[in-house]
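K.L.:
Position one of the sequence shown corresponds to residue 61 (this note's numbering), numbered consecutively onward.
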Amino acid sequence: MRDATDVVHTGPMGWTLTRDLDTFLADAGAYMHADPAVHTVALTVTATMRARDPADREDVLFGRWTHGGRVAGIALWTPPRPPLLGCAPDAARELADVLTAHGDVRGVHAAPETAEAFAGAWRRRTGGTTRVAMRQRLYRLGALAVPDPLPPGAARIATAADHGLALDWFVAFHEEDDEHGPVDPAALDDRIATGGLALWETAGTPVAMAARTRIAAAMARVAPVYTPPEHRRRGYGAAVTAAVTRSALDAGAREVVLLTDLANPTSNGVYRRLGYRPVEDRTIFTFAPA
Numbered sequence: 061m062r063d064a065t066d067v068v069h070t071g072p073m074g075w076t077l078t079r080d081l082d083t084f085l086a087d088a089g090a091y092m093h094a095d096p097a098v099h100t101v102a103l104t105v106t107a108t109m110r111a112r113d114p115a116d117r118e119d120v121l122f123g124r125w126t127h128g129g130r131v132a133g134i135a136l137w138t139p140p141r142p143p144l145l146g147c148a149p150d151a152a153r154e155l156a157d158v159l160t161a162h163g164d165v166r167g168v169h170a171a172p173e174t175a176e177a178f179a180g181a182w183r184r185r186t187g188g189t190t191r192v193a194m195r196q197r198l199y200r201l202g203a204l205a206v207p208d209p210l211p212p213g214a215a216r217i218a219t220a221a222d223h224g225l226a227l228d229w230f231v232a233f234h235e236e237d238d239e240h241g242p243v244d245p246a247a248l249d250d251r252i253a254t255g256g257l258a259l260w261e262t263a264g265t266p267v268a269m270a271a272r273t274r275i276a277a278a279m280a281r282v283a284p285v286y287t288p289p290e291h292r293r294r295g296y297g298a299a300v301t302a303a304v305t306r307s308a309l310d311a312g313a314r315e316v317v318l319l320t321d322l323a324n325p326t327s328n329g330v331y332r333r334l335g336y337r338p339v340e341d342r343t344i345f346t347f348a349p350a
């Protein structure tokens, strides 16, 4: 087992990498809290990590980039998912060299210019090829607009008794687009345990689900939203998304955000009608070695 307190790398230009979550949050927490929406994934993922067994994050790598004596960027690598970056393009180029020396980097997830800078540096270093796997858009809630009229049925918060159904739907969601990464059953457990999973039911039968993360820095992220194919185009997805959004606000979130696949105009339209407004775009690359 690794010593989690080890500093893995201190870069000549400003990257410090560590396996220790508490060190990372002490150093970079204020930077991320200054813009919770933009750093939603890093904030919510680390909030969940703090509630789980430290052994579950032995392979995770945390990074902070300093410029002018202050933290100016972060990175979070949770294999097998690609590194998540929140930094400038020049910092991303340096990080590509650093991470390639530490492991098998198979992609990157960041704002478009930052992701391209990282991918370009990786190509130059390895001779491999890269492709855009997904283009995303980050939305933040303005004023919630509940669908009117609502479809038949009502929302309820899932309990432990719903675990089997919810796990099947989590798996189905990921199978429809494997760029979301593998299913993490512990993430589902955390959603249910914290009241962060809503189901829409008609005549006592669940027909759609929407989940949300823990609240971190007064912000929660809706993820995932799933309606089985046989129940689609009836308004259930929009209704349950509105319900889980309301649950986040009622639980104290001041900001609620979500990420969409830009290749899916239907979901993007639904979220805009619910009151979500664009913040920024993201790009996910996948890498193939030479």
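Just so you know, even glycine gets a beta-carbon here, dropped at the ideal spot from N, CA and C.
#1: Is residue 111 helix, strand or coil when you go by DSSP?
#2: For residue 350, count neighbouring C-beta atoms within 10 Å of its own C-beta (all shown protein chains included) and say buried if the count is 16 or more, exposed if not.
#3: From residue 190 to residue 139, what does the alpha carbon distance come to, in whole angstroms?
#4: When we look at the beta-carbon of residue 219 and count the other beta-carbons within 10 Å, is it buried (16 or more) or exposed?
#5: Ignoring anything shorter than 4 residues, give me the alpha helix (DSSP H) runs that lie fully in the stretch 207–264, in order along the chain.
#6: Roughly how many angstroms lie between the CA atoms of residue 122 and residue 77, to the nearest whole one?
#7: Rounded to whole angstroms, how far is the Cβ of residue 237 from the Cβ of residue 321, which I believe are closer than 8 Å?
#8: Alpha carbons only, please: which of 257, 274 and 84 is nearest the one belonging to residue 105?
#9: Based on the DSSP output, what are the partners of residue 269 in its beta bridges?
#10: When the distance is taken between beta carbons, is residue 172 closer than 8 Å to residue 326?
#11: Can you check DSSP and say which residues form a bridge with residue 338?
#12: Pick from 266, 307, 262 and 267: whose alpha carbon is nearest that of residue 282?
#13: Does the separation of the CB atoms of residue 120 and residue 87 fall below 8 Å?
#14: With distance defined between alpha-carbon atoms, name the residue in 304, 134, 256 and 101 nearest to residue 83.
P.N.:
Reading off the structure:
#1: coil
#2: Its Cβ having fewer than 16 others within 10 Å, residue 350 is exposed.
#3: Whole-angstrom Cα-Cα distance: 18 Å.
#4: Exposed is the call here.
#5: 223–236 and 245–253
#6: 6 Å
#7: 7 Å
#8: 274
#9: Among the bridge pairs identified by DSSP, residue 269 is matched with 259 and 286.
#10: no
#11: 199
#12: 307
#13: no
#14: 134
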